[in-house]
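Residue numbers (our numbering): 166 to 396.
In this text, a Cβ means the ideal position worked out from N, Cα and C, and glycines have one as well.
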Ligand code: CA
């Protein structure tokens, strides 16, 4: 099931930026333009995560946060506060009210997406575990280690993130552009060819002790991580 994120934000350019990036990451996105609408939408359908602007018309973000926490259906809903306020006291107040995380505007989309992923990982099965295994490959996100058939592999940071991304969706083919957006971030300028270079390094590292290649190249489409039985 696609995770559903509700964006409560009144500034259209920010809404569009968030919608674009969240949809690229595979989330379903709902938008509320003020606090009242956010509360109504959450009563109709509880999201998996709320991205909440602090300064909202009608009902403020802080009040939305408090009401969300006071309802049993949304008591444990992850909330990330987004705000122009950067003062430490506001930050603490936001977290006191029950936000799980806090990010100040202007924010880096790459950083925000990473924080959302971290929150989703805590709440979604599959993404929840620090350790994930597939086809004899085990990735440990807390110790940043990768093993294949019990032997440790040495991956660079980019290869690690690539593998982390691909192994969560085995068999699915991703284009270079999708990988660039998801692994490098949409606001980073990197040539598509860079993906080929890092895929090459990832493949080499993964296959160091094995001749079964788990990275499939799909001509003119992209790459996927594929268990041997599917090759
Ligand atoms: Ca606002």
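7 Å Cβ cutoff met for residue i and residue j
| i | j | result |
| --- | --- | --- |
| residue 337 | residue 357 | no |
| residue 350 | residue 233 | no |
| residue 205 | residue 172 | no |
| residue 329 | residue 364 | no |
| residue 300 | residue 392 | yes |
| residue 390 | residue 327 | no |
| residue 169 | residue 212 | yes |
Per DSSP, cross-strand counterpart(s) of residue i
| i | result |
| --- | --- |
| residue 316 | 313 |
| residue 193 | 169 |
| residue 303 | 298, 312 |
| residue 339 | 388 |
Neighbour-count burial assignment, residue i, 16 or more Cβ in a 10 Å radius
| i | result |
| --- | --- |
| residue 200 | buried |
| residue 315 | exposed |
| residue 324 | buried |
| residue 218 | buried |
| residue 177 | exposed |
| residue 307 | exposed |
| residue 203 | buried |
Assigned secondary structure, residue i (DSSP; H/G/I helix, E/B strand, else coil)
| i | result |
| --- | --- |
| residue 387 | strand |
| residue 381 | strand |
| residue 347 | helix |
| residue 248 | strand |
| residue 178 | helix |
| residue 293 | Only weak support exists for where residue 293 lies, its pLDDT of 46 falling under 50; the value from the coordinates is given anyway. The answer is coil: DSSP assigns residue 293 none of H, G, I, E or B. |
| residue 241 | coil |
Host beta strand (DSSP E) of residue i (start-end)
| i | result |
| --- | --- |
| residue 267 | 266-269 |
N-terminal and C-terminal residue of the alpha helix (DSSP H) that residue i is part of
| i | result |
| --- | --- |
| residue 214 | Here residue 214 belongs to no alpha helix (DSSP H); instead the beta strand (DSSP E) covers 214-218. |
| residue 232 | 226-235 |
| residue 325 | 322-332 |
| residue 209 | 200-209 |
| residue 361 | 357-371 |
Ligand 2 heavy atom lying under 6 Å from the CB of residue i
| i | result |
| --- | --- |
| residue 246 | This structure lacks ligand 2; the ligands present are ligand 1. |
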